[in-house]
Each structure stands twice: as structure tokens, then as C-alpha cells.
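Notes for the one structure printed next.
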Amino acid sequence: MAKKKINLYKKEKPMKKIRIPYNGKQVTAYRLRISSHIAMDVERAWELVKTSALLEFITRGKVTFKPIGGKFPTIWIQGNTVKTKMLLYGWLPFGGVHTLYFERIDDEQKILATKEFDAICKVWNHTIFIETAEDERILYIDEIIIYAGIWSKIVALWAKQFYIYRQKRWRKLSAKANESIV
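Numbering (the working numbering) for the sequence shown: 128 to 309.
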């Protein structure tokens, strides 16, 4: 697969309205890009990104997952599809069955990309980029494309706060790197 060159340091608005194809037509969606510098070794961070335990840790308090059929796999696998129900704030059902397709898990470039959807969010495409930054830190970026019909802006505004929260939980994890959290 050809390398996609992305300027991870480019400063831009964290939420931007864009047009994407959906069901044969162009629709208005939102692209979020939330980034943080995190004090963690890039290899350790990458190994964590590929685990379901990390997802459950960084979303705890905002989203609780109830995987269909029991449990999430311990390690995400490229090409796999996982279905789950989501509870916002631990009690509010959202979107019915949420499907996550692991489109790309690139160990060399440290990119994990999912194509996700449910009854409300028709498109929730999430890409994680990790790279080495200065002072033994990583640059961690969540990029999300969201289309939810007339709810797109509301969902995107919630998602912006959700991904800021996730990255705050990442920083908490890095501060406790010597403890076994996940």
C-alpha cells in the first residue's frame, strides 16, 4: 500500500464541515482532528492502541460498550468486523448496534483506521495516527469523519468533546505508565 503523506503538525480547526459521498450522493459531514502530545514510548503506545482494553479505558465514563456475542477480541485484527451496543454515560442507549470494521492496522506507519456506523451515525470513520515527537513523547491524532443526517452537527459537537476526553484519559494512562491500567 502506498504511503499516504499527512502533515501531522499542520494546525487547523478541530472541526470542519466537508462533503463526502454516501449512498450515491454528496452529503455534508464533519471532519474532526484532535491531537495531543503524550509522554509515552511510541512502540508502547502503538501496542496499546491495538487492544480493546485501551478502548474501554479511554472511553470509560463517556461510553460503555456491550459487545454483541460476549467480549471484544483482546487485540484488534485488520479485516475484522466487531458489533457492539453503546451506552452513553453508562446508561443511555445510542444508535442501536454499532459496527466497527478494522480497515487498516499499519504497524510500520502506526495508523489504525476503522469504518463505523449505526442507526444514527451512518458514517463514523476513525483514523488514529501515532508518531514520535520530541522529548520521548508521541504525537497522537484522532481523525474522525462523521455523517449522521440531520444530526451530523450535534453528533460532531459531542464527538469533539468525546475525543478530547479520550486523549485526556490517554494522558492519565501515560502518567501512570508504571501501573497496570490496561
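We put the CB at the ideal spot given by N, CA and C, even for glycine.
Using 10 angstroms around the beta-carbon of G71, count the other beta-carbons present and answer buried if the total reaches 16, otherwise exposed.
Summary: the structure shown does not reach residue 71, with the chain confined to residues 128 through 309, and so no result is reported for it.
Take the Cβ of E270 as the centre, count every other Cβ of all protein chains shown within 10 Å, and call the residue buried at 16 or more, exposed below.
buried
What runs of the beta strand (DSSP E), each 3 residues or longer, lie entirely inside the region 148-181?
152-165
State the Cα-Cα distance for the pair L214 and K242, rounded to the nearest angstrom.
19 Å
Three-state secondary structure assigned by DSSP to A283:
helix
Excluding the five sequence neighbours on either side, which residues of its own chain have a C-beta within less than 7 Å of the C-beta of S301, listed in chain order?
I165, A166 and M167
Beta-carbon proximity check, P99 vs K210, cutoff 9 Å:
In the structure as shown, the chain begins at 128 and stops at 309. Residue 99 is therefore absent and cannot be evaluated.
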